[in-house]
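Only one structure is covered here, and it is reproduced in the block below.
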Amino acid sequence: MTSAPGAAGGGPARDPGRRSAIVARRLVTCDPSRASSADPLGVIEDAALVVRGGAVEAVGGRQEILGREPGLEIALEAGGVVTPGLVDCHTHAPWMGSRDAEYAVRMAGGDYEAIAAAGGGIVASMRAVRAATTGEIARVLRARLRRMAALGVTAVEAKSGYGLDEASERKQLEAIAEAGGDARLPRVVPTYLALHALPPEAGGDRAAYADTVARSWLPAIAAAGLARHIDAYIDRSAFSVDEARPVLERARALGLGVRAHVGQFADVGGAELAAELGALSADHLEHVSPGGIDALARAGVAAALLPVASFTLQQAPPPVAALRAAGVPLLVGSDANPGTAPTESLPLALALAVRLYGLTVAEAILGATREAARALGLGEVCGAVRPGLRADLAVWDLPHESAIVQPWGAPRALAVLRDGEVIAAAG
Ligand code: NIG
Ligand code: FE
């Protein structure tokens with residue numbers, strides 16, 4: 006039985022000084038100080054946590070917490086499993102338009118890279134973004150974030166990359182800032198991805214385009230505080246290591262975190278570059294050499310696995326066993342985008358990560374909570390249920406975390422809380 010979330014006065018954190026408890030039959034903390042090899046998720050059965058001012062103040066057994074303070078208000082009582090709110094570490098969420106016609110061509114045997122080379126793909130989405138206003142993009146993004154929240158997600162990385170000129174890339178980031186300012190939606194981490202594809206007006210000159218990004222567009226974006234991270238699509242049909250390097254290096258010098266799309270179609274050395282630059286994550290990795298895996302491991306770069314994209318493209322999985330054996334932290338993202346991952350569902354990505362990539366349930370959940378938060382620079386904000394972090398939680402209509410990674414195809418979160426406030430609820 007789960008009591009109506011927020012029934013006792015609109016959620017646990019409405020009044021910043023107010024303290025209240027959340028009770029859970031099974032609490033997945035993802036707190037490393039509670040984890041062991043037998044229990045990598047740090048689970049507490051019959052648990053309670055105290056929320057104060059939107060933050061977690063205490064976590065423990067129900068008897069322990071409520072025994073100390075019998076009068077403490079219980080704001081929410083969960084009869085199933087409660088986890089940290091899910092963190093989606095890789096999305097292209099501020100896209101406009103639809104590529105359904107292209108999808109139909111691909112399902113009939115058309116090739117993704119060939120369609121892009123013929124002016125479709127990312128450049129088709131570019132046309133839709135260029136035609137939209139900031140307000141229109143923000144409205145579409147807000148709706149998308151609202152649906153993500155309903156799936157259990159409380160933090161989302163959101164990339165630009167469909168503007169591909171100075172003003173349109175900035176417009177996408179401004180739309181991210183606008184939507185990201187809404188405390189009733191998941192928290193949003195903006196990433197600048199001008200090196201996503203070459204726009205037609207660049208006349209095929211990738212190096213000159215990358216140079217303009219590095220020297221002119223990027224410093225202005227950084228100065229305006231519109232991006233926390235830089236990303237670049239490094240692949241055989243995108244940008245080379247030599248073209249991407251100056252942009253990523255400049256971004257790092259400007260204080261942005263580095264992430265990169267690497268080895269989605271071919272290994273062109275992107276993993277080694279990500280390692281050299283101390284990237285927070287290298288994403289995709291369907292094609293990466295043993296040397297690239299070693300480099301990632303030595304540099305502590307996380308691998309962001311994007312199984313919806315490889316499922317849609319009918320690709321073989323990345324070398325997960327080798328990444329795991331090397332000690333590379335594993336993340337799972339939705340890759341939400343209109344081309345390779347037409348989904349908004351991180352739970353779908355988790356299901357595929359377990360079924361197709363062979364991740365354990367614990368690896369998948371950590372890769373979409375604590376490890377994802379760490380790789381987004383949110384490690385001291387969310388991603389686990391422990392004192393000091395924000396009370397970002399997903400209350401599931403499911404008895405056990407093993408059920409979260411099953412391919413439900415429908416939202417199974419009963420209530421989703423950000424900063425202790427309900428931002429989505431079933432029914
Ligand atoms: O992560 N690979 C590059 N970027 C996206 C696809 C973007 C698109 O097709 O619109 C990805 O798969
Ligand atoms: Fe992507």
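To convert a position in the sequence shown, counted from 1, into the working numbering, add 5. Beta carbons: idealized from backbone N, C-alpha and C, even for Gly. Computed from a predicted model, the values in this text were never measured in an experiment.
Who are the near neighbours of residue i in its chain, counting only those whose CB is closer than 7 Å to its CB and skipping five residues on each side?
{"i": "E248", "result": "R211, A212, A215"}
{"i": "R250", "result": "L278"}
{"i": "V158", "result": "G90, L91, D93, P191, L351"}
{"i": "A232", "result": "L178, P195, T196, Y197, I226, L261"}
{"i": "G297", "result": "D272, A276, E277"}
Short of 8 Å in beta carbon distance, which residues of its chain neighbour residue i, apart from the five on each side in sequence? Order them along the chain.
{"i": "P129", "result": "What sits at residue 129 in the sequence shown is Ala, not Pro. The answer, listed in chain order, is G102, R104, E107."}
{"i": "A199", "result": "S165, G166, G168, L169, E174, V218, W222, L223, V252"}
{"i": "I370", "result": "V33, C35, L46, T88, L355, E406, I409, V410"}
Could you check the C-alpha separation between residue i and residue j for me, to the nearest Å?
{"i": "E376", "j": "G126", "result": "30 Å"}
{"i": "H201", "j": "K176", "result": "16 Å"}
{"i": "P204", "j": "L77", "result": "58 Å"}
{"i": "A327", "j": "P295", "result": "8 Å"}
{"i": "V64", "j": "D51", "result": "11 Å"}
{"i": "I239", "j": "R189", "result": "35 Å"}
{"i": "A321", "j": "R73", "result": "53 Å"}
{"i": "P75", "j": "E69", "result": "10 Å"}
{"i": "R132", "j": "L156", "result": "29 Å"}
{"i": "G363", "j": "G268", "result": "19 Å"}
{"i": "G186", "j": "A43", "result": "40 Å"}
{"i": "L81", "j": "R67", "result": "13 Å"}
{"i": "R24", "j": "L398", "result": "16 Å"}
{"i": "I27", "j": "A53", "result": "6 Å"}
{"i": "H95", "j": "E162", "result": "6 Å"}
{"i": "D402", "j": "A284", "result": "36 Å"}
{"i": "E206", "j": "R241", "result": "20 Å"}
{"i": "A160", "j": "A154", "result": "9 Å"}
{"i": "H97", "j": "G209", "result": "24 Å"}
{"i": "E426", "j": "L361", "result": "35 Å"}
{"i": "A420", "j": "R31", "result": "15 Å"}
{"i": "T139", "j": "R147", "result": "12 Å"}
{"i": "R448", "j": "V263", "result": "The structure shown does not extend to residue 448, since the chain spans only 6 to 432, so no value can be given for it."}
{"i": "A18", "j": "V61", "result": "Confidence in A18 is poor, its pLDDT being 49 and thus under 50, which makes the residue's placement too unreliable to answer from."}
Might you give, ordered along the chain, the residues of its own chain that have their beta carbon closer than 6 Å to the beta carbon of residue i, omitting 5 neighbours on each side?
{"i": "E171", "result": "W222"}
{"i": "A280", "result": "A300, L301, A304, V306"}
With DSSP run on the structure shown, which of helix, strand or coil describes residue i?
{"i": "R395", "result": "strand"}
{"i": "T139", "result": "helix"}
{"i": "V390", "result": "coil"}
{"i": "L351", "result": "helix"}
{"i": "V325", "result": "helix"}
{"i": "L203", "result": "coil"}
{"i": "A163", "result": "strand"}
{"i": "L422", "result": "strand"}
{"i": "Y117", "result": "helix"}
{"i": "R303", "result": "helix"}
{"i": "E74", "result": "coil"}
{"i": "A40", "result": "coil"}
{"i": "T217", "result": "helix"}
{"i": "E281", "result": "helix"}
{"i": "R250", "result": "helix"}
Could you tell me which residues DSSP pairs with residue i in its beta bridges?
{"i": "A89", "result": "This sequence places Pro at residue 89; Ala is not what is there. BP columns for P89 point to L398."}
{"i": "R57", "result": "R24, A60"}
{"i": "F244", "result": "I239"}
{"i": "I49", "result": "L32"}
Are any of the Cβ atoms in chain C nearer than 9 Å to that of residue i?
{"i": "T138", "result": "The chain labelled as chain C is not found in the depicted structure, where only one protein chain is given."}
Touching by the beta-carbon criterion (3+ pairs, under 8 Å), the stretch 309–317 and the stretch 330–340
At 8 Å Cβ cutoff, the stretches touch.
Spell out a yes or no on whether the stretch 343–355 and the stretch 56–66 are touching, meaning 3 or more CB-CB pairs, one atom from each, closer than 8 Å.
By the Cβ rule, the stretch 343–355 does not count as touching the stretch 56–66, because fewer than three pairs are nearer than 8 Å.
I want to know whether the stretch 109–119 touches the stretch 181–188 - three or more CB-CB distances under 8 Å.
Segments in contact, no.
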